[in-house]
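Engineer: Just dropping this structure here.
Chains as they are written, first to last, in our numbering: chain A, 1 to 74; chain B, 1001 to 1698.
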């Protein structure tokens, strides 16, 4: 198990748990929920922010936010 | 008998909600503000058939009913308030075929409010390219609604949507989620206290205050006191609610929405690989900006010259063809000159809004946000600050409003405070006229000096914004959680109709808003320049005549002498003279002083003011530029020489001369503290930099 900020390109992850109190509700509502699949589309320079696809939804978040999302690689 | 039904358009950002609104209403729309707040309110009308009209309100885009910004809270306040005159008879949820799952979250929330709800699935033109197929009949059954599959790009399905609206009474009001399933104890208890209320509405009211703890707003209902649970628990419940909703959505889409990946073409990743490349991404962004500024300078110069000429001809025509008198003078010297000062902006503003709306429509703006976030964070800004900083080149007012989607309060506040440094379109005419007066026409490496100076001034604005952001970042001690979430929408070709309507509406509102101020100030200025106290003003002719060597002047020279003597002793002249000692070290005379004073209402008044001041008493038909060129200092040298010109440009680059910006900053920051700090420090910076530059250059 790892956290989302460490995901690399061409890896597929599955969200295991989220720190509800540290994540904006908006992110949760965009599909950042346990059980959903996630992969990295692209890093911005210096690896931050991250352009992710979570459950088919394309969005970008900062790595400090991604640290609060636990994933397992599949 | 004709009747009107209220229709509310609701949807996530980037679903083409505005396209649907434009397709339904065309130009029958009006943009205003919600009372008391600066959220844009768009409404329009549409004829459904011979007897029924729809009053359509386009609500701000939102991802869910759990609002996290002022724009979003407008949606929920309307939908919870049955007494509002805009309360919808039917809610239309706009979704896009590619992101249907995420879009449906909002749909299920709206449906639970027990309002007749219609689902519009937009962008059907993309189904083939993406390999998507949809079983509409079955999905309608599962979602308990009617679905209109449309394509605003191909103009398909709009008529069908209208017939669905006519038939709104047949829409089911049944909800999607049994909210008690989330936490039976909590909601059971709530129901006991408020037996007659809808549980979901109560829940929304309770949680809204959680989201809005820091922002003052009127209470939606009295139930807000019912907060027996700690916030952390409420957040857990919200998460549980979201999970339940997605379970329902996944269930509904399972057999009805299928994607055949083998048929899907993906140009999005290919474009992304170039446009947000760690090197090429920045080069492309810089080239785009360069092109925009070059185009604004080149393309708008022709219509602007034409407008300038036309207004001076018009003013002259009025003077010669109307009976002479006070009214003719007011018309020719005050009103027409003042109006010319507004109309001359139209080409540039239209071009700026054109580019900005194209960048937004295509989805490119989100990529810029993504690219810039890390770099801007060093200065206490967010990637999302890019949008205010770029739209600030059009006008600081929409730019300050565009900071609303920055989630972090400190980043948002800094963005608001530094945005007025970006070169807004009101500065442009000041720059243009000064550049053409003091910068020579030569070329350097194929680029004209004049164009380069303008580009330099734009860069100066951005650099100053960044520098002060960096300083503010160090000084402000504000703790706020750093959330940054941005959707990366798919690329789209901009719809011409949307772009044109945006350009038209924004330009119109700018001209009308700014026009009122400029017109009022022009008239006031003319009055103050045409009247004066005491005998110095009223007996100007005798005083000049009695002076020595009068005989050596020609009649025309004599007339000019009298006119300028009168101006000097008019009310405005006295005012200008009184501040002259303060601004003389910057290289400004009392006439420029008058322009500075009137510019504090709005800087675009500068050119108009000088036009008014210089045209009072002048008989010849002259453009503003030629009149300014002819101005001399008492020692006979040119008034607008290089040091004065540069000093004046710097003053305008840094000073906050815009009442509307102050007003909007006051609204967005909830008080006078920040706008006053902003006004004071920007004026100080402007004064000091103009002083230093002028003293060095002379």
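All residues carry an ideal CB built from backbone N, CA and C; glycine is no exception.
To which residues of the same chain is residue 1052(B) closer than 8 Å at the C-beta, ignoring the five residues directly before and after it?
Structural biologist: What you label residue 1052(B) is simply residue 52 of the second chain in a count that begins at 1. Cβ within range, chain order: 1002, 1003, 1004, 1005 and 1166.
Engineer: Sort out for me which residues DSSP pairs residue 51(A) with in a bridge.
Structural biologist: Position 51 of the first chain, counted from the start, is the residue given in the question as residue 51(A). Answer by DSSP bridge pairing, in chain order: 42(A) and 60(A).
Engineer: Consult DSSP for residue 1082(B) and reduce its assignment to one of helix, strand or coil.
Structural biologist: Residue 1082(B) sits at position 82 when you count from the first residue of the second chain. Residue 1082(B) falls in the coil class under three-state DSSP.
Engineer: Determine whether the Cβ of residue 48(A) lies closer than 8 Å to any Cβ atom of chain B.
Structural biologist: Sequence index remark: in the first chain, residue 48(A) carries index 48 (1-based). Output row for residue 48(A): interface = yes.
Engineer: Of the choices 70(A), 71(A), 41(A) and 69(A), whose alpha-carbon is the least far from that of residue 1266(B)?
Structural biologist: As a first step, residue 1266(B) is located in the second chain; it is residue number 266 there, counting from the start. Measuring from the Cα of residue 1266(B), the nearest candidate turns out to be 41(A).
Engineer: Should residue 66(A) go down as buried or exposed, given a rule of 16 or more other Cβ atoms within 10 Å for buried?
Structural biologist: Stepping through the first chain from its first residue, residue 66(A) is reached at position 66. With 16 or more other Cβ atoms within 10 Å, it is buried.
Engineer: Hey, is residue 1361(B)'s beta-carbon within less than 8 Å of any beta-carbon in chain A?
Structural biologist: Translated into positions along the second chain, residue 1361(B) becomes position 361. No, no contact with chain A.
Engineer: In terms of residues, what are the limits of the alpha helix (DSSP H) holding residue 1233(B)?
Structural biologist: Along the second chain, one-based indexing puts residue 1233(B) at 233. Looking at the DSSP string, the run of the alpha helix (DSSP H) that includes residue 1233(B) is 1231 to 1253.
Engineer: Find out if the Cβ-Cβ distance for the pair residue 1156(B), residue 1118(B) is shorter than 8 Å.
Structural biologist: Here residue 1156(B) is taken as the residue at index 156 of the second chain, counted from 1. Here residue 1118(B) is taken as the residue at index 118 of the second chain, counted from 1. It is not a contact, given that the beta carbons lie outside the stated cut-off.
Engineer: Taking 8 Å as the threshold (C-beta atoms), are residue 1101(B) and residue 1010(B) in contact?
Structural biologist: Residue numbering aside, residue 1010(B) sits at position 10 when the second chain is read from its first letter. Residue numbering aside, residue 1101(B) sits at position 101 when the second chain is read from its first letter. The answer is no: Cβ separation not under 8 Å.
Engineer: Using 10 angstroms around the beta-carbon of residue 1604(B), count the other beta-carbons present and answer buried if the total reaches 16, otherwise exposed.
Structural biologist: Here residue 1604(B) is taken as the residue at index 604 of the second chain, counted from 1. Residue 1604(B) comes out buried.
Engineer: At a CB distance below 7 Å, what residues from the stretch 4 to 37 of chain A approach chain B? Give them in sequence order.
Structural biologist: Within the stretch 4 to 37 of chain A, the qualifying residues are 20, 21, 24, 25, 26, 27, 28, 29, 30, 31 and 33.
Engineer: Could you tell me which chain A residues have their CB closer than 7 Å to the CB of residue 1371(B), listed as they occur along the chain?
Structural biologist: Indexing the second chain from 1 puts residue 1371(B) at position 371. In chain order: 44.
Engineer: Can you pull the DSSP bridge partners for residue 1317(B)?
Structural biologist: Stepping through the second chain from its first residue, residue 1317(B) is reached at position 317. BP columns for residue 1317(B) are empty, so no partner.
Engineer: Extract the residue ranges of the alpha helix (DSSP H) inside the stretch 1085 to 1160 of chain B, only unbroken runs of 4 or more that lie entirely within it.
Structural biologist: Listed in chain order, they are 1100 to 1111, 1127 to 1130 and 1136 to 1143.
Engineer: Under the three-state reduction of DSSP, which class applies to residue 1484(B): helix, strand or coil?
Structural biologist: Working through the second chain from its first residue, we reach residue 1484(B) at position 484. In the structure shown, residue 1484(B) sits in coil (DSSP, three-state: anything other than H, G, I, E or B).
Engineer: Between residue 59(A) and chain B, is the shortest Cβ-Cβ distance under 8 Å, so that the two count as touching?
Structural biologist: As a working mapping, residue 59(A) is identified with position 59 in the first chain. Closer than 8 Å to some Cβ of chain B, the Cβ of residue 59(A) qualifies, so yes.
Engineer: When you compare the CB of residue 39(A) with every CB in chain B, is at least one pair closer than 8 Å?
Structural biologist: Residue 39(A) sits at position 39 when you count from the first residue of the first chain. No - not a single Cβ of chain B is within 8 Å of the one on residue 39(A).
Engineer: When DSSP labels each residue in this structure, what does residue 1531(B) get in the three-state scheme?
Structural biologist: Position 531 of the second chain, counting from 1, holds the residue named residue 1531(B). In this structure, residue 1531(B) counts as coil in the three-state DSSP scheme.
Engineer: State buried or exposed for residue 1083(B), treating a residue as buried only when at least 16 other CB atoms are found within 10 Å of its CB.
Structural biologist: In the second chain, counting from the first residue as 1, residue 1083(B) sits at position 83. Result: exposed.
Engineer: Measuring alpha carbon to alpha carbon, tell me which of 1540(B), 1281(B) and 1262(B) ends up nearest residue 1270(B).
Structural biologist: Translated into the one-based positions of the second chain, residue 1270(B) becomes position 270. Closest by alpha carbon: 1281(B).
Engineer: Could you please give the first and the last residue of the uninterrupted beta strand (DSSP E) stretch that includes residue 1044(B)?
Structural biologist: Within the second chain, the letter at position 44 stands for residue 1044(B). Counting along the chain, the beta strand (DSSP E) containing residue 1044(B) begins and ends at 1040 to 1047.
Engineer: In terms of residues, what are the limits of the alpha helix (DSSP H) holding residue 1694(B)?
Structural biologist: The residue you call residue 1694(B) lines up with position 694 of the second chain. Start and end: 1673 to 1697.
Engineer: If you draw a straight line from the alpha carbon of residue 1263(B) to that of residue 1274(B), how long is it in whole angstroms?
Structural biologist: The residue labelled residue 1263(B) in the question sits at position 263 within the second chain. The residue labelled residue 1274(B) in the question sits at position 274 within the second chain. Residue 1263(B) and residue 1274(B): Cα-Cα distance of roughly 24 Å.
Engineer: Pairing CB atoms from the stretch 1192 to 1202 of chain B with CB atoms from the stretch 1106 to 1117 of chain B, are three or more of them under 8 Å?
Structural biologist: They touch, by the three-pair rule.
Engineer: Have a look at the DSSP bridge pairing and note the partners of residue 1444(B).
Structural biologist: Residue mapping note: residue 1444(B) aligns to position 444 of the second chain, counting from 1. In the DSSP output, where bridge partners are listed per residue, residue 1444(B) has 1447(B).
Engineer: For residue 1487(B), return the contacting residues in chain A, with the cut-off set at a CB-CB distance below 9 Å.
Structural biologist: Counting from one through the second chain, the residue named residue 1487(B) turns up at place 487. Going along chain A in sequence order, the residues near residue 1487(B) (Cβ under 9 Å) are 30, 57, 58, 59 and 60.
Engineer: Leaving out five residues on either side along the sequence, give the residues of the same chain with a beta carbon under 6 Å from the beta carbon of residue 1675(B).
Structural biologist: Looking up residue 1675(B) in the second chain gives position 675. Answer for residue 1675(B): 1662, 1665 and 1666, listed in chain order.
Engineer: Any beta-carbon of chain A closer than 8 Å to the one on residue 1212(B)?
Structural biologist: As a working note, residue 1212(B) is residue 212 in the second chain. Low confidence applies here, because residue 1212(B) scores a pLDDT of 42, under 50, leaving its location unreliable; read the following figure in that light. Chain A, which has no Cβ nearer than 8 Å to the Cβ of residue 1212(B), makes this no.
Engineer: Taking CB distances under 8 Å as the criterion, tell me whether residue 2(A) reaches chain B.
Structural biologist: Position 2 of the first chain holds residue 2(A). Judged by the 8 Å Cβ criterion, residue 2(A) is not in contact with chain B.
Engineer: Could you check the C-alpha separation between residue 61(A) and residue 1103(B) for me, to the nearest Å?
Structural biologist: Position 61 of the first chain holds residue 61(A). Position 103 of the second chain holds residue 1103(B). Near 19 Å, if we compare the C-alpha coordinates of residue 1103(B) and residue 61(A).
Engineer: Starting from the C-beta of residue 48(A), find all residues in its chain whose C-beta is less than 7 Å away, skip the five residues before and the five after it, and write them out in chain order.
Structural biologist: By 1-based counting over the first chain, the position of residue 48(A) is 48. Here the set comprises 62 and 63.
Engineer: Hey, could you find the ends of the beta strand (DSSP E) residue 1257(B) is sitting in?
Structural biologist: Position 257 of the second chain, counted from the start, is the residue given in the question as residue 1257(B). Counting along the chain, the beta strand (DSSP E) containing residue 1257(B) begins and ends at 1257 to 1259.
Engineer: Just tell me which of 1442(B), 1433(B), 1407(B) and 1085(B) has its CA closest to the CA of residue 1483(B).
Structural biologist: In the second chain, the residue the question calls residue 1483(B) occupies position 483. Residue 1483(B) has its Cα closest to that of 1407(B), out of 1442(B), 1433(B), 1407(B) and 1085(B).
Engineer: Return the CA-CA distance between residue 1055(B) and residue 1164(B), expressed in angstroms with no decimal places.
Structural biologist: Looking up residue 1055(B) in the second chain gives position 55. Looking up residue 1164(B) in the second chain gives position 164. Distance between the alpha carbons of residue 1055(B) and residue 1164(B): 15 Å.
Engineer: If you run the structure through DSSP and keep just helix, strand and coil, what is residue 1287(B)?
Structural biologist: Looking up residue 1287(B) in the second chain gives position 287. Three-state result, residue 1287(B): helix.
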